[in-house]
Amino acid sequence: MTTANTLNLGGNPITDQRHLPADVFATGAGHVNPVKANDPGLVYDIQPEYYVPYLCGLGYSDKEIEVIVQWKVKCSDVKSIPEAQLNYPSFSILLGSESQFYTRTLTNVGPVNATYRVELEVPLALGMSVNPSVISFSEINEKISYSVDFLPQVKENRGNHTFAQGSLTWISDKHAVRVPISVIFK
Numbered sequence: 016m017t018t019a020n021t022l023n024l025g026g027n028p029i030t031d032q033r034h035l036p037a038d039v040f041a042t043g044a045g046h047v048n049p050v051k052a053n054d055p056g057l058v059y060d061i062q063p064e065y066y067v068p069y070l071c072g073l074g075y076s077d078k079e080i081e082v083i084v085q086w087k088v089k090c091s092d093v094k095s096i097p098e099a100q101l102n103y104p105s106f107s108i109l110l111g112s113e114s115q116f117y118t119r120t121l122t123n124v125g126p127v128n129a130t131y132r133v134e135l136e137v138p139l140a141l142g143m144s145v146n147p148s149v150i151s152f153s154e155i156n157e158k159i160s161y162s163v164d165f166l167p168q169v170k171e172n173r174g175n176h177t178f179a180q181g182s183l184t185w186i187s188d189k190h191a192v193r194v195p196i197s198v199i200f201k
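For the sequence shown, this note's numbering begins at 16 and goes up steadily by one.
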């Protein structure tokens with residue numbers, strides 16, 4: 016997903032059925048690039064136990080979740096999370112007038128001593144900050160977390176748009192790890 020192409024083979028944006036540039040809801044992460052997928056540099060790793068707080072928050076019973084994860088679960092002891100807090104290589108948020116804060120964890124599956132800097136394509140009528148904006152890995156399978164603040168701007172700045180799209184890309188000398196962002200305005 017993070018290595019997908021958002022341009023077609025002609026170097027132009029992927030188009031929709033009307034032959035117009037497709038939005039993030041039509042393209043998702045983009046077209047699969049098998050060569051890059053074999054050497055992604057970074058991955059957004061997620062383990063089965065990370066889903067328990069999410070499933071508890073959806074209202075599943077302890078027994079229903081136990082069937083899925085195959086171990087004892089007690090939702091009353093778990094702080095639930097929304098889907099946007101899962102460690103996915105994307106951000107899809109519903110944004111009103113309040114800022115939103117999310118954390119993601121990257122795992123280095125590329126070279127040791129790799130440094131990445133963040134590059135943002137900020138969605139319309141939004142402010143964004145990423146901390147840290149530069150990350151450095153010194154070993155394989157090392158994990159580093161980063162946070163993203165989504166800051167709504169003046170409502171008038173979005174005109175009559177109901178959604179916006181953008182991306183966050185971690186760039187090193189060898190890799191570009193892109194994360195699509197979709198924002199639906201409340």
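Note that beta-carbon positions come from the ideal geometry of N, C-alpha and C, so glycine has one too.
Does the beta-carbon of H190 have 16 or more other beta-carbons within 10 angstroms, so that it is buried, or is it exposed? Stepping through the sequence shown from its first residue, residue 190 is reached at position 175. Its Cβ being crowded by 16 or more others within 10 Å, H190 is buried.
In whole angstroms, what separates the C-alpha of F106 from that of E81? Position 91 of the sequence shown, counted from the start, is the residue given in the question as residue 106. Position 66 of the sequence shown, counted from the start, is the residue given in the question as residue 81. Near 28 Å, if we compare the C-alpha coordinates of E81 and F106.
Tell me, please, whether the segment 85-94 touches the segment 117-126 by the rule of three or more beta-carbon pairs shorter than 8 Å. no
Assuming D164 is part of the beta strand (DSSP E), what are its boundary residues? Within the sequence shown, residue 164 is the residue found at index 149, counting from 1. Unbroken beta strand (DSSP E) run through D164: K158 to P167.
Given a cut-off of 8 Å, decide if P63 and S95 are closer than it, judged by their beta-carbon atoms. Locating residue 95 in the sequence shown gives position 80, where the first residue counts as 1. Locating residue 63 in the sequence shown gives position 48, where the first residue counts as 1. It is not a contact, given that the beta carbons lie outside the stated cut-off.
Taking the continuous alpha helix (DSSP H) assigned at I80, which residues delimit it? Walking along the sequence shown from the start, residue 80 turns up at place 65. Segment D77 to V84, the alpha helix (DSSP H) holding I80.
Who pairs with Y117 in a beta bridge, going by DSSP? Counting from one through the sequence shown, the residue named residue 117 turns up at place 102. Bridge partners of Y117: V163.
Alpha-carbon to alpha-carbon, A37 and D31: The residue given as residue 31 occupies position 16 in the sequence shown. The residue given as residue 37 occupies position 22 in the sequence shown. Answer to the nearest angstrom: the Cα atoms are 5 Å apart.
Using a Cβ-Cβ cutoff of less than 7 Å, which residues in the same chain neighbour S187 once the five nearest sequence positions on both sides are dropped? As a position in the sequence shown, residue 187 is number 172, starting the count at 1. Excluding positions up to five away in sequence, the list reads G56, A129, T130 and Y131.
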